[in-house]
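Enquirer: In terms of our numbering, the sequence shown opens at residue -12 and continues consecutively. Where is the CB? At the ideal position from N, CA and C, for every residue including glycine.
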Amino acid sequence: MMRRTRTNSWQVALAAVGCILAAVPALADSILPVSVTGTLSVGASATIRKTVTISAGTPTTAQGDVFFLTDATGSMGGTIGDVQDNATAILAGLSVYGNIQTGAGSYRDFNGSPWGGDYEYRLDAAIDGAASTQAGINTWSAAGGGDAPESQLYALKAATESGATGWRAGSEKFMLWFGDYEGHDPDLDPGYPGPTLADTISALTTNGVTVLAFNVGVSRLDARGQATAITAATAGTLYAGFGSNIVDTIIAAIGSGFDTYSVVDIEAPVIPGLGISIVPAGYVGSYDRSIDRTFYFDVTFTGLAPGTYSFDMFGRVDGGRVATESDRFTVVGGPAVPEPASLLLLGTGLAGLGRAWRKRRG
-12 MMRRTRTNSW QVALAAVGCI LAAVPALADS ILPVSVTGTL SVGASATIRK
38 TVTISAGTPT TAQGDVFFLT DATGSMGGTI GDVQDNATAI LAGLSVYGNI
88 QTGAGSYRDF NGSPWGGDYE YRLDAAIDGA ASTQAGINTW SAAGGGDAPE
138 SQLYALKAAT ESGATGWRAG SEKFMLWFGD YEGHDPDLDP GYPGPTLADT
188 ISALTTNGVT VLAFNVGVSR LDARGQATAI TAATAGTLYA GFGSNIVDTI
238 IAAIGSGFDT YSVVDIEAPV IPGLGISIVP AGYVGSYDRS IDRTFYFDVT
288 FTGLAPGTYS FDMFGRVDGG RVATESDRFT VVGGPAVPEP ASLLLLGTGL
338 AGLGRAWRKR RG
C-alpha cells in the first residue's frame, strides 16, 4: 500500500513493484519490498506498506553470534582435549541455523602472587567465520594458573564488552563457557584486580549475552555459586560435564532461542536529510514458529534536505535482525515539477528476494 501526499506544492509519484511478491511462499524470514529506490522533493512525503514475514520451523537465516570461552590453566590438563573436541563438534553443528558467526577465547589468571597466572584473558579468534574459530580453539592448552580460583569473571566481562570480540548488532548472542574451578571475586578475595560477580552479570545482561556453562574436570566451576548465578541471570543453562548427547543438546539450546518471540518491528536509521516514521512502532505478543506470521507496517519517508541517501532497514524479532531491505532515496529542492517528470519510486524486490537474516534481544 502506498499513499501520495503533497507538501508546499512539492510532488512525488510512487510505485511499488516489490509488494506483489508478498504472495510468494516464504522460504525464510523476509521483508518486502526488499529494495526501494526513488526521489522525493523537499517537504514531500510518501508512505509505503512494508510486510515482515516470520516463517514457521527452524530459521535458516538466523543471525547469531556464539563465543567459546575456556579455562586454560594447568588443572584443565586432563580435560581441555575433550573441551576442544566438543567445541569443534558444536561449531560444525551450528551451520543449520544460517547466519551464525563464532569466536573463541581463553583465560588463566592475573600475573603475580598469589594469583599466579600468565594472562587473565586472551582473545583467540574474533567472531567471524568458523575457520578462524577452529584455529583459535586449536591454540588452547593447559598450563599455569597458580591458586585454584581463576579469572573467569574478568574473562566473561572482557569478552562481552570488548569491541575486539566482534559481536554483531542485531545478533542473538551466546557464550559457551568451559571451566573446572570457581572464579576470583574481589568481594571474596580482597585485593583481586578483576570485577565482582555483580559487575560481570551486569555486563552480560546489558549486552544480551546468554551463557551456557559447562562444569568439567574437577567440577568446581560452581563452588561459589557463580555459574548458577550467571546462567540464571542470562536465561542460560549450567551443564554437568559432557554427556553423550551434549553436542545435540547445546545445538538445540541455541536453536531454542529462535523458536519463540514477543516483539516484531522494523529498524530504521536516523538520517538528517530524510525523515523515516513507522506505524505501528512494533507488534507485541506471544508468538512461536508453528506457522508463518505476517506483520504489516506503514513506513513514511519525508524529504528534509537535498541529497542522496543509501541505507538498510531491517525486519527484527526481539531486537535481532531477521531480514534486510536496501533503500536509496534522492531528495531534491527547487520548484515543483509536473507529475510526468517526477521520478518513480520503484520497489526492486525481484532483484533482492532471498536476502534475509535473524533474531533477538540485543
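Got a sec? Which residues, its chain only, sit under 8 Å from A222 by beta carbon, not counting five neighbours each side?
Expert: Looking up residue 222 in the sequence shown gives position 235. Taken in chain order, the residues that qualify are T197.
Enquirer: With distances taken Cα to Cα, identify the nearest neighbour of T311 among T40, G25 and T34.
Expert: By one-based count along the sequence shown, residue 311 stands at place 324. Per the Cα distances, T40.
Enquirer: When the Cα atoms are used, what is the spatial distance from S22 to I253?
Expert: For the purposes of this step, residue 22 is taken as residue 35 along the sequence shown, with counting starting at 1. For the purposes of this step, residue 253 is taken as residue 266 along the sequence shown, with counting starting at 1. If you take the alpha carbons of S22 and I253, they lie about 14 Å apart.
Enquirer: In the structure shown, what three-state DSSP assignment does I217 receive?
Expert: Walking along the sequence shown from the start, residue 217 turns up at place 230. Three-state result, I217: helix.
Enquirer: If we count the other Cβ atoms within 10 Å of its Cβ and call it buried at 16 or more, is P259 buried or exposed?
Expert: Looking up residue 259 in the sequence shown gives position 272. So P259 counts as exposed.
Enquirer: Taking only three categories from DSSP, how would you classify T236?
Expert: Reading the sequence shown from its first residue, position 249 is the one you call residue 236. The answer is helix: DSSP assigns T236 an H, G or I state.
Enquirer: How is the alpha helix (DSSP H) around G80 delimited, first residue to last?
Expert: Translated into the one-based positions of the sequence shown, residue 80 becomes position 93. Counting along the chain, the alpha helix (DSSP H) containing G80 begins and ends at I67 to G80.
Enquirer: How would you call I77, buried or exposed, if buried means at least 16 neighbouring beta carbons within 10 angstroms?
Expert: Along the sequence shown, one-based indexing puts residue 77 at 90. With 16 or more Cβ atoms within 10 Å of its Cβ, I77 is classed as buried.
Enquirer: Can the beta-carbon of G92 be found closer than 8 Å to that of D72?
Expert: Here residue 92 is taken as the residue at index 105 of the sequence shown, counted from 1. Here residue 72 is taken as the residue at index 85 of the sequence shown, counted from 1. Contact: no.
Enquirer: Are the beta-carbon atoms of T187 and I233 separated by less than 8 Å?
Expert: Your numbering for residue 187 matches position 200 in the sequence shown. Your numbering for residue 233 matches position 246 in the sequence shown. The answer is no: Cβ separation not under 8 Å.
Enquirer: Could you check what DSSP says for I278 in three-state terms: helix, strand or coil?
Expert: As a working note, residue 278 is residue 291 in the sequence shown. Residue state, collapsed to three classes: coil.
Enquirer: DSSP on E169, reduced to helix/strand/coil?
Expert: For the purposes of this step, residue 169 is identified with residue 182 of the sequence shown, where counting begins at 1. Coil.
Enquirer: By alpha-carbon positions, which one of I263, F54, F301 and L140 ends up nearest to T287?
Expert: What you label residue 287 is simply residue 300 of the sequence shown in a count that begins at 1. Of I263, F54, F301 and L140, the residue nearest in Cα terms is I263.
Enquirer: What three-state label does DSSP hand Q139 in the structure shown?
Expert: Within the sequence shown, numbered from 1, the residue matching residue 139 stands at position 152. In the structure shown, Q139 sits in a helix (DSSP, three-state: H, G or I).
Enquirer: Measure the alpha-carbon distance for T34 versus T289 and round it to whole angstroms.
Expert: What you label residue 34 is simply residue 47 of the sequence shown in a count that begins at 1. What you label residue 289 is simply residue 302 of the sequence shown in a count that begins at 1. Whole-angstrom Cα-Cα distance: 9 Å.
Enquirer: Pick from T26, L184 and G123: whose alpha carbon is nearest that of A145?
Expert: Here the question's residue 145 lines up with position 158 in the sequence shown. Cα-wise, what sits closest to A145 is L184.
Enquirer: Select from V250, G294 and D115 the residue whose C-alpha is nearest the C-alpha of T317.
Expert: For this step, residue 317 is matched to residue 330 along the sequence shown. The residue with the shortest Cα to Cα distance from T317 is G294.
Enquirer: Rounded to whole angstroms, how far is the Cβ of V304 from the Cβ of V251, which I believe are closer than 8 Å?
Expert: To locate residue 304, count along the sequence shown from 1; it is residue 317. To locate residue 251, count along the sequence shown from 1; it is residue 264. Contact flag correct, Cβ pair sits at about 6 Å.
Enquirer: What's the call for R(-10), buried or exposed, on a 16-neighbour Cβ count within 10 Å?
Expert: For the purposes of this step, residue -10 is identified with residue 3 of the sequence shown, where counting begins at 1. In this prediction, R(-10) has a pLDDT of 39, which is less than 50 and means its spatial position is unreliable; nothing more can be read from the coordinates.
Enquirer: Just the C-alpha distance for I241 and S17, rounded to the nearest angstrom, thanks.
Expert: Within the sequence shown, residue 241 is the residue found at index 254, counting from 1. Within the sequence shown, residue 17 is the residue found at index 30, counting from 1. Rounded to whole angstroms, I241 to S17 spans 21 Å at the Cα level.
Enquirer: Quick test of your reading: F284 and V266, contact by CB under 8 Å. State the CB separation rounded to the nearest angstrom.
Expert: Your numbering for residue 284 matches position 297 in the sequence shown. Your numbering for residue 266 matches position 279 in the sequence shown. The Cβ separation is near 7 Å, so the contact holds.
Enquirer: Going along the chain, which residues of its own chain have a beta-carbon closer than 6 Å to the beta-carbon of N(-5), five neighbours each way excluded?
Expert: Indexing the sequence shown from 1 puts residue -5 at position 8. Confidence at N(-5) is low in this model, with a pLDDT of 30, below 50, so the placement of that residue should be treated as unreliable; the coordinate-derived value is given next. Contacts found: G30.
Enquirer: Output needed for D69: all residues of its chain with C-beta closer than 8 Å, excluding positions within five of it in sequence on either side, in chain order.
Expert: Along the sequence shown, one-based indexing puts residue 69 at 82. Excluding residues within five positions, the ones whose Cβ falls inside 8 Å are V203 and F229.
Enquirer: Determine whether the beta carbon atoms of I114 and T75 lie at a separation below 8 Å.
Expert: If you number the sequence shown from 1, residue 114 lands on position 127. If you number the sequence shown from 1, residue 75 lands on position 88. No; because the gap between Cβ atoms is not below 8 Å, this pair is not in contact.
Enquirer: Cα separation between A323 and G25?
Expert: Here residue 323 corresponds to residue number 336 of the sequence shown, with the count starting at 1. Here residue 25 corresponds to residue number 38 of the sequence shown, with the count starting at 1. Any reading at A323 is ruled out, since the residue's pLDDT is 38, under 50, leaving its predicted position unreliable.
Enquirer: Using 10 angstroms around the beta-carbon of N98, count the other beta-carbons present and answer buried if the total reaches 16, otherwise exposed.
Expert: Here residue 98 refers to the residue found at position 111 of the sequence shown. Exposed, because fewer than 16 other Cβ atoms sit within 10 Å of the Cβ of N98.
Enquirer: Taking 7 Å as the limit between beta carbons, can you name the residues of its chain near G80, skipping five residues before and five after?
Expert: As a working note, residue 80 is residue 93 in the sequence shown. Hits under 7 Å: V234 and I238.
Enquirer: G307 and Q50 look like a contact to me (Cβ under 8 Å); what is the Cβ gap, rounded to whole Å?
Expert: As a working mapping, residue 307 is identified with position 320 in the sequence shown. As a working mapping, residue 50 is identified with position 63 in the sequence shown. With a Cβ gap of about 6 Å, G307 and Q50 count as contacting.
Enquirer: Output the boundary residues of the alpha helix (DSSP H) element that contains A118.
Expert: Stepping through the sequence shown from its first residue, residue 118 is reached at position 131. A118 -> alpha helix (DSSP H) spans A117 to N125.
Enquirer: By Cβ distance, which residues of its chain are closer than 6 Å to N194, with the 5 residues on each side in sequence left out?
Expert: Reading the sequence shown from its first residue, position 207 is the one you call residue 194. Around N194: T147.
Enquirer: Which class does A200 belong to by DSSP, given the choice of helix, strand or coil?
Expert: In the sequence shown, counting from the first residue as 1, residue 200 sits at position 213. Of the three classes helix, strand and coil, the one that applies to A200 here is strand, per DSSP.
Enquirer: Less than 8 Å between the beta carbons of E137 and D58, yes or no?
Expert: Residue 137 sits at position 150 when you count from the first residue of the sequence shown. Residue 58 sits at position 71 when you count from the first residue of the sequence shown. Yes, Cβ-Cβ distance for E137 and D58 is below 8 Å.
Enquirer: Decide if V271 is buried, meaning its Cβ has at least 16 other Cβ atoms within 10 Å, or exposed.
Expert: On the sequence shown, residue 271 is found 284 positions in, with the first residue counted as 1. Flag for V271 reads exposed.
Enquirer: Let me know the secondary structure DSSP gives P84 once reduced to three states.
Expert: Your numbering for residue 84 matches position 97 in the sequence shown. Strictly speaking, residue 84 in this sequence is Tyr, with Pro absent from that position. It is helical.
Enquirer: Would you call A328 buried or exposed, if buried means 16 or more other Cβ atoms sit within 10 Å of its Cβ?
Expert: The residue labelled residue 328 in the question sits at position 341 within the sequence shown. Per-residue confidence for A328 stands at a pLDDT of 29, beneath the threshold of 50, marking its modelled position as unreliable; no derived number is given.
Enquirer: Grab the span of the alpha helix (DSSP H) containing T187 for me, first residue to last.
Expert: Translated into the one-based positions of the sequence shown, residue 187 becomes position 200. Note, T187: alpha helix (DSSP H), L184 to T193.
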